[in-house]
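What follows is the structure in structure tokens.
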């Protein structure tokens with residue numbers, strides 16, 4: 001899904017609230033740049049005028065201060081066939097592309113469309129995504145453990161190596177860029193074709209890394225500041241905790257990688273034992 005006119009729908013949360021938009025219609029806006037290291041850290045929000053069933057809402061006069069000044073710009077956006085959104089009868093307070101069924105199942109695996117490495121994160125709902133942060137949707141009956149098992153596989157070194165061979169590099173050799181600096185387009189068709197090995201997928205590693213990343217996010221300065229006025233002592237303690245959790249995540253990631261090598265039968269001798 002994408003707004004079509006980002007400038008009209010995306011911005012700071014406070015700006016939308018001051019403009020009369022109800023808080024439940026202002027959602028965290030996820031782009032590929034904020035999907036990193038098992039975490040999603042949005043820096044902007046988006047106005048999404050969709051109700052509990054994820055269908056578009058009727059116009060509310062409280063939105064006029066924000067949306068009425070930009071209606072001409074939104075309506076002039078060209079759609080397929082060269083027709084404007086106004087020609088198609090679209091409402092100027094709705095997004096260019098929005099598929100309600102994709103949001104009715106809250107669990108998603110989001111990933112960075114362009115990045116140096118494979119970056120996949122489990123989202124539990126409440127956010128909106130643009131085209132630089134595509135999402136993987138499992139069947140409606142899939143459990144959270146199913147998502148975490150796949151998440152562990154997708155974030156493994158083996159999957160990262162395979163994607164580097166299959167995906168198109170964006171800046172290979174440009175400006176003296178070293179191979180570790182190359183960015184790759186992780187398009188959906190390539191991700192979908194990743195071979196899934198037989199055996200038990202790494203759900204325990206995926207669960208543990210997802211949990212550690214959530215704990216680490218609470219130690220970021222902006223999170224500390226939302227709970228109380230930060231002091232030197234609280235910020236220092238948060239930094240120490242953040243570094244400790246980062247080291248633990250590195251260790252668990254190493255274990256995950258060795259386990260996935262075993263699933264793909266890339267190890268000599270005894271296979272890595274699943275905990």
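In this note's numbering, the protein residues as written are 1 to 275.
For every residue, glycine included, the Cβ atom is placed at its ideal position computed from N, Cα and C.
Any idea if residue i is buried or exposed, counting beta-carbon neighbours within 10 angstroms, 16 or more meaning buried?
i           : result
residue 53  : exposed
residue 247 : exposed
residue 58  : exposed
residue 223 : exposed
residue 121 : buried
residue 49  : buried
residue 51  : exposed
Could you give the distance in angstroms between the alpha-carbon of residue i and the alpha-carbon of residue j?
i           : j           : result
residue 254 : residue 260 : 10 Å
residue 130 : residue 31  : 6 Å
residue 174 : residue 140 : 43 Å
residue 77  : residue 84  : 5 Å
residue 237 : residue 177 : 37 Å
residue 156 : residue 92  : 42 Å
residue 152 : residue 87  : 45 Å
residue 15  : residue 243 : 34 Å
residue 109 : residue 81  : 32 Å
residue 67  : residue 104 : 26 Å
residue 11  : residue 36  : 21 Å
residue 101 : residue 72  : 29 Å
residue 188 : residue 208 : 26 Å
residue 39  : residue 138 : 19 Å
residue 64  : residue 28  : 21 Å
residue 219 : residue 89  : 47 Å
Using 8 Å for Cβ pairs, my map puts residue i next to residue j. What's the rounded Cβ distance?
i           : j           : result
residue 61  : residue 45  : Going by Cβ atoms, the distance from residue 61 to residue 45 rounds to 21 Å, so no, they are not a contact pair.
residue 160 : residue 95  : No, residue 160 and residue 95 are not in contact; Cβ-Cβ is about 32 Å, not under 8 Å.
residue 97  : residue 214 : Not really, about 30 Å apart at Cβ, beyond 8 Å.
residue 202 : residue 256 : 5 Å
First and last residue of the alpha helix (DSSP H) that includes residue i?
i           : result
residue 150 : 144 to 154
residue 218 : Residue 218 -> no alpha helix (DSSP H), and no H or E assigned at all.
residue 9   : 6 to 9
Just reading off the beta strand (DSSP E) that residue i is part of, what are its end residues?
i           : result
residue 29  : 26 to 30
residue 76  : No beta strand (DSSP E) contains residue 76, which DSSP labels as neither H nor E.
residue 123 : 120 to 123
residue 47  : 44 to 47
Going residue by residue through the segment 190 to 270, where are the continuous alpha helix (DSSP H) segments of at least 4 residues, counting only ones entirely within it?
203 to 217, 221 to 227, 232 to 263
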